[in-house]
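Shown next, in structure tokens, is the structure this report addresses.
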Amino acid sequence: MFKRLGWFYLSCLAAFTAGHMINYGVIIYAQEVIRADLLSGLAFGLCFGPPLLLGWPAGALCDRLAPGRLIHAAQASFFVAALLLWWADATLPTPAQRVPALLLAALLAGVGWSFVAPARMAALGQVARPEEIKPASVLFNLLVMMGFGLGPLAIALLRRTAGWPGVFLGAAALFVLASAALLAVRTRASGRMHGALVAEVREGLAAVAARPLLRELMLAATTGYLAMGPMTVLLPKLASTRLGLAELQRGAFLGALALALIAGGLLALALTRRAHHGRSILVATGVAGIALASLGWVGTAGAALALLAAVGMAGGLALSLIVAGIQAQAPDALRGRIVSLYTIVSQVVPAASGVAAGALVQAFGVGTALLACGALLAAATAANAVWMRALRMHRG
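To get our numbering, take the position in the sequence shown, counting from 1, and add 1306.
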């Protein structure tokens, strides 16, 4: 399977790493160069907020057009964002003058995320065989999480050798690689008649609402992604202030999240045919919430690293099993619209929670912000365990 889908997976890894370099880049740049914590949360919100509006037509377009074409267009938006950040850093003399360019670049990245995520999931439904869809989806989500973790590590390494210009040009180069690798992947348009865009969006929503397990998987994903925004916004602050880590150490600390996410994804891959999926999702999400809240109390790098590993492994396991379940439940004719709803959740929820985390850290400090975000995740998971009957019964 991996050999046959290798070019597609290479394109995914390059694109997701570069995309998270943009996300982390605007956050860290706002915190350390412009020195505005609230701006960092706002920039992150712009990175992931646009799918709330654009994700709906993106899903319908994925069911109409060849997903590969949409991926190329979305990656072009990211490429422009990276070059805009490079231009602002290189030519505008003061940090304050760079704020509009930073926010515009974040918005362009948000437009890219609106289309690239559902298009890649729809493309996977075409290039993977029916019997491969669950393990292929787990592996796909593993690459998503690797990109999330490798992004800050790449930033740290490139900043050390080439400064911020190297970071932004490096992200642009990775998007070129992602598009080049995708040229070897063939996707197709649906070839069927289509109705009005609004009607097609409603059809996708109705399909999710009519399937209890699919509906509860979407809501479980909503709960799980409550942790993503706070981790992206708060972990750089925790590493630089409370833990007092140097630049390369901060990159390694944030990059350790990649290893934990990979471990969680690999565990999900190993347990795909063995574990009870529904209960595993609920337990893992609860563990992630408790560990995230506990990060608010720690003051040593070792303890923080252990808790970060727990958050990453538990979150990686839960989200990988959720993605596999959604892909397995989605009918081919509606796949683009259904996975677009998942990607809206995966981007809008982190955006909203990231903005809230930015406001919390500015008002109360990083410890209180982590504690509040983790407690919310744990409480929401406990509520889900009580009422989500279809998910509790979901064996996988």
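We put the beta carbon where it would ideally sit given N, CA and C, even for glycine.
Cβ-Cβ separation, G1602 to T1674 (assumed contact under 8 Å), whole Å: 7 Å
Would you tell me roughly how many angstroms separate the C-alpha atoms of G1550 and G1605, rounded to the nearest one? 9 Å
Specify the secondary structure class of H1700 as computed by DSSP and reduced to three states. coil
Quick check: what's the CA-CA separation for G1365 versus L1503? 10 Å
Quick one: give me the first and last residue of the alpha helix (DSSP H) that M1619 is part of. A1607 to Q1635
Quick one: measure Cβ to Cβ for L1560 and P1536, integer angstroms, because I've assumed they're closer than 8 Å. Going by Cβ atoms, the distance from L1560 to P1536 rounds to 13 Å, so no, they are not a contact pair.
Note down, in chain order, each residue of its chain lying with its Cβ closer than 7 Å to the Cβ of L1316, except the 5 sequence neighbours on either side. A1487
Looking only at its own chain, which residues have a Cβ that is under 8 Å from the Cβ of V1444, when we skip the five neighbours before and after it? G1571, A1574, L1575, T1578, S1626, L1627, V1629 and A1630
Quick check: L1344 and Q1668, are their CB atoms within less than 8 Å of each other? yes
Using the three-state DSSP reduction, which class does D1369 fall into: helix, strand or coil? coil
Whole angstroms is fine: what's the gap from A1610's alpha carbon to L1367's? 43 Å
Could you give the distance in angstroms between the alpha-carbon of W1419 and the alpha-carbon of R1494? 21 Å
Can you have a look at W1693 and say buried or exposed, based on whether 16 or more other CB atoms are within 10 angstroms of its CB? exposed
Does the beta-carbon of L1265 have 16 or more other beta-carbons within 10 angstroms, so that it is buried, or is it exposed? Here the chain has residues from 1307 to 1702 only, and residue 1265 is not among them.
Neighbourhood of G1530 by C-beta distance below 6 Å, restricted to the same chain and skipping five residues each side: T1591, A1624 and L1625
CB of P1357 within 8 Å of CB of T1649, strictly: yes
Looking only at its chain, what residues have a beta carbon closer than 8 Å to the beta carbon of V1491, apart from the 5 residues adjacent to it on each side? W1313, F1314, S1317, G1374, A1429 and V1433
What is the residue span of the alpha helix (DSSP H) that L1326 lies within? Note on identity: in this sequence residue 1326 is His, with Leu being the wrong assignment. That run of the alpha helix (DSSP H) goes G1312 to E1338.
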